[in-house]
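>
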DNA sequence: CCAGTCTCTGACCGATCGGTCAGGCATGAT
DNA sequence: ATCATGCCTGACCGATCGGTCAGAGACTGG
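Chains as they are written, first to last, in the numbering used here: chain H, 1 to 181; chain W, 1001 to 1181.
#1: Taking 9 Å as the CB-CB limit, is residue 1148(W) close to chain H?
#2: Would you mind reading off the limits of the alpha helix (DSSP H) that contains residue 58(H)?
#3: Does the distance from the C-beta atom of residue 1144(W) to that of residue 173(H) stay below 9 Å?
#4: Do the CB positions of residue 170(H) and residue 84(H) come within less than 9 Å of each other?
#5: Where does residue 1020(W) land, buried or exposed, given buried means 16+ other C-beta within 10 angstroms?
#6: Determine the chain H residues that contact residue 1024(W) at a beta-carbon separation under 8 Å, and present them in chain order.
#7: Which residue comes first and which comes last in the alpha helix (DSSP H) that contains residue 170(H)?
#8: Cβ of residue 140(H) less than 9 Å from any chain W Cβ?
#9: Would a check of beta-carbon distances place residue 106(H) closer than 9 Å to chain W?
#10: Can you give the Cα-Cα distance for residue 164(H) and residue 1161(W), rounded to whole angstroms?
#11: Which residue wins for smallest C-alpha separation from residue 168(H), given the options 1069(W), 1137(W), 1079(W)?
#12: Classify residue 36(H) as buried or exposed, calling it buried when 16 or more other Cβ atoms lie within 10 Å of its own Cβ.
#13: Please report the distance separating the alpha-carbon of residue 57(H) from that of residue 1070(W).
#14: So, does the CB of residue 1166(W) fall closer than 9 Å to a CB anywhere in chain H?
#15: Could you check the C-alpha separation between residue 1175(W) and residue 40(H) for me, to the nearest Å?
#16: Determine contact between the stretch 149 to 159 of chain H and the stretch 101 to 110 of chain H, defined as no fewer than three beta-carbon pairs at a distance below 8 Å.
#17: Does any C-beta atom of chain H lie closer than 9 Å to the C-beta of residue 1019(W)?
#18: Mind checking whether residue 1053(W) and residue 1018(W) have CB atoms under 9 Å apart?
#19: Check whether the Cβ of residue 39(H) lies closer than 8 Å to any heavy atom of the ligand ZN, and answer yes or no.
#20: Using a Cβ cut-off of 9 Å, pull out every chain W residue sitting near residue 172(H), in sequence order please.
Laid out in structure tokens, this is it:
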């Protein structure tokens, strides 16, 4: 069996538990039990419970930022397609992280660990709506955005299967064939 | 100002706090402070914290059950339309309750208070998918189902505005005009 | 006036929370 | 042998959690 550092084990187990029971629903004791070490060991490797959360979210948040940056120079239609593909891909690679970020309550999302995430979500939402300011488009974008995350969380389908399906439904809902006559 | 019983006040404040901070993130102290009474008063009116939750969910759960029952005799296409309309309407009338039910983590949803909800969600999901067993349709149904709930939660738009928009996006995503050649 | 009921509360309980701390046990360089 | 360093732990801390309980106050019918 592969040799893994205690620190990485802690992150792995914490991601699992946070995604399953929520941040507040997971105690340091629970994580320690999952890792097979003492609670004090967690706090030797990490300054606090919040620090574990922050480190878990960090990678996903950075990639989300990169995606948003990649979208910026594109025109509305291209950004919309790239946003759908990129977001589905991102959320499939960060299932657990997505669960704990999106599963968190509104108030919870305003913790410092998530501070820089919110503007990125807004940007992504705008891209999903093809930069339209029409409230209908914006709401539709939000529905798809959050719907995709939620499905990925509690679905145990193969990511490869889900990928095409999710992109498909997002396209269908967001990209109107030839809008009017 | 209208005269309200302490009991109703407790339910009102609890719904607010649960929706905002989550069940685990809300303490009896918090609710008592919001109501303006002591924690002991909460436990005079309700046997436990769980009991408050159960009573909050009850009405929404019953109406969801009624909706699902109403769907059963219809054919696939009619059930799909009725499900969309009915669900959007339901979730707009029970915003806070929807927030705490859907915002809860997977494990949380398996508490006894929600036990009878899960099969109803499955039935609703099937209706959204026009009773198709195609995985694509099922996933699309789930995306829309959860997406709608999530949007309603943190949106402060007028319910009347949202209603048409949500029904519209759901139809667009789920009902395929003339599917194939 | 009294007894009974309803509503409410402060004081208290054991359990658990996140977090601290002094020290044990390796390993490796001097 | 000695010391330093990295990793880990049991014991402990104050705070807060959900929940209990005896009793205070208000209001009622007899």
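Glycine included, every Cβ here is placed at the ideal spot set by N, Cα and C.
Reading it off the structure:
#1: Yes, residue 1148(W) lies at the interface with chain H (some Cβ there is under 9 Å from its Cβ).
#2: Secondary structure note for residue 58(H): its alpha helix (DSSP H) is the uninterrupted segment 49 to 71.
#3: yes
#4: yes
#5: buried
#6: 22, 24, 25
#7: 159 to 174
#8: Closer than 9 Å: yes.
#9: yes
#10: Each residue's Cα considered, the two are about 32 Å apart.
#11: 1137(W)
#12: exposed
#13: Rounded to the nearest angstrom, the two C-alpha atoms are 43 Å apart.
#14: Yes, because at least one Cβ of chain H sits closer than 9 Å to the Cβ of residue 1166(W).
#15: 55 Å
#16: yes
#17: yes
#18: Cβ atoms of residue 1053(W) and residue 1018(W): closer than 9 Å.
#19: The model on display carries no ligand, and the ligand ZN is accordingly not part of it.
#20: Residues of chain W with a Cβ closer than 9 Å to the Cβ of residue 172(H) are, in chain order, 1140, 1172, 1173, 1174, 1176.
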